[in-house]
Structures are given as structure tokens and as C-alpha cells.
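One structure is given below, encoded as C-alpha cells.
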Amino acid sequence: MTKGYAEQLFLQEKPTLALLAIWSLQKTYASVITKEINSTFAHTTKILSKMEDHGLVQFSVEGRVKYVELTEHGYRVVDSLKNLIMAIEGETPDSIGETENEESATQDAEVSDNDKKLTKEHIDRLHEQIISTYNNLFNENSEPQVMKMKIGPFSRDIQLLLNSIEENENLIDDEDLDKLNEIQNIFDLAMKQ
Numbered sequence: 001m002t003k004g005y006a007e008q009l010f011l012q013e014k015p016t017l018a019l020l021a022i023w024s025l026q027k028t029y030a031s032v033i034t035k036e037i038n039s040t041f042a043h044t045t046k047i048l049s050k051m052e053d054h055g056l057v058q059f060s061v062e063g064r065v066k067y068v069e070l071t072e073h074g075y076r077v078v079d080s081l082k083n084l085i086m087a088i089e090g091e092t093p094d095s096i097g098e099t100e101n102e103e104s105a106t107q108d109a110e111v112s113d114n115d116k117k118l119t120k121e122h123i124d125r126l127h128e129q130i131i132s133t134y135n136n137l138f139n140e141n142s143e144p145q146v147m148k149m150k151i152g153p154f155s156r157d158i159q160l161l162l163n164s165i166e167e168n169e170n171l172i173d174d175e176d177l178d179k180l181n182e183i184q185n186i187f188d189l190a191m192k193q
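Counting from 1, position 32 in the sequence shown corresponds to residue 32 in full-length UniProt numbering; the numbering is continuous, with no gaps.
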């Protein structure tokens, strides 16, 4: 497939929504995606076929059900789409923000003030983004699937943050732990709707 063809596919609403739906639902099937993106079954299968050609999704058959799920490349594209959406909405892409030297420093027994500061800033940014996104969607009475698609992409950032804190508990104080718990609660609430 040509580069222009890939751009044409992902600069359209339905393919982007389909990819985000697959990401948020994990392992699913075409009829569920059709409903999630408000499309026809034929159009959805055409989109999924193009995504398979690009190596973004893979199909598996269990019994009489044909499942679709993201490939590793598909997860990377979802991360990029999430960053693009946030950039379009005027937010800065949320990243862990550590260089290789900083990562090795966090593995030492002592944590520098800079590492604590970076972690605090990351928690504050993520907290603000999730709270504001959730509140906006809630105030607009957004559909549950829209809420899942907007809040769902934050799961990777939450997990990366949890992993770094798990490696070194001294990175976070009680106040930031409370914010992190609030982030997780809002994320869980949005995803269970």
C-alpha cells in the first residue's frame, strides 16, 4: 500500500474511530465495532480489511466467531492517534518524559528531587487532562462509547506511571498518590459505562 493511501485511510473519521474502538474493547468482532462507530457492517469490514493490509489488526477464529484485535504496530498507531487528537485539541501530548539516564537514575535506591518533580508534573498533567476530558464529556451528556474512546487512550499513560512508581515508591508522596487514585477511579468509571 502506498503512503498516500495510508494517510487517506486514517485522516477519515470512521477508520480512526474503528481503531480506537478496537483498542478500547481489546478483542472484539466486526459487528460490535460497527455499532460502536455507527457505520454499516459492509463499510466496517472494508475498513478492517484495509487495517489488516497495513498490519494494524489481526483476525482469529474461535469456533464460529471471527475476532479482531490490534497488532503491536496497531498499538503504536493508536498512541500516535491519541497524541494527534490531543495536539488538535490544544493539549500537549502526555509522555513519561524521562531520558535513558533519568530512567537508570530512578532504579537507584535514592531518588533525586528532579525525578520526584518530573513524576509530580506527570501526575498533575495526567490528572488535569483526564478530569477536564471527563467533565467536558459528562457535561455534554456524551454517549458511553464516545467517553470510552476519549478516556480509553489514557490507560497506557496511567500504566506507565504506575510501573515507574512500582519500581521506586519514593517517587510519589501522599498527595500525588491521592491524585493517581482519583485518575484511576475516573478512568474505571468511564470505561465501565
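In this text, a Cβ means the ideal position worked out from N, Cα and C, and glycines have one as well.
Please read these numbers as outputs of a predicted model, since none were measured by experiment.
Quick check on the DSSP output: the alpha helix (DSSP H) that includes residue i runs from which residue to which?
i    : result
Y134 : D113 to N139
L70  : It is not in any alpha helix (DSSP H) - L70 instead sits in the beta strand (DSSP E) that spans V65 to L70.
S60  : Run containing S60: none in the alpha helix (DSSP H); it sits in the beta strand (DSSP E), V57 to E62.
T28  : Taken as a continuous stretch (DSSP letters only), T28 belongs to no alpha helix (DSSP H), as it is neither H nor E.
S164 : S155 to E167
K148 : P144 to I151
Rounded to the nearest angstrom, how far is the Cβ of residue i from that of residue j, given a contact under 8 Å?
i    : j    : result
V78  : W23  : 5 Å
M147 : Q193 : 6 Å
L180 : I123 : 6 Å
I88  : L126 : In fact, because the Cβ distance is near 19 Å, the residues do not count as touching under 8 Å.
Y134 : A190 : 6 Å
Please state whether DSSP places residue i in a helix, a strand or coil.
i    : result
T40  : coil
N185 : helix
K46  : helix
I172 : coil
H73  : helix
K192 : coil
Cβ contact check for the region 171 to 183 and the region 43 to 63: 3 or more pairs under 8 Å: In short, these stretches do not touch, since the Cβ pair count stays below three.
Contact between the region 80 to 88 and the region 57 to 72 (3+ Cβ pairs under 8 Å): Result no; under three Cβ-Cβ pairs closer than 8 Å.
The region 13 to 29 contacting the region 151 to 159, beta-carbon criterion three pairs below 8 Å: The region 13 to 29 vs the region 151 to 159: in contact.
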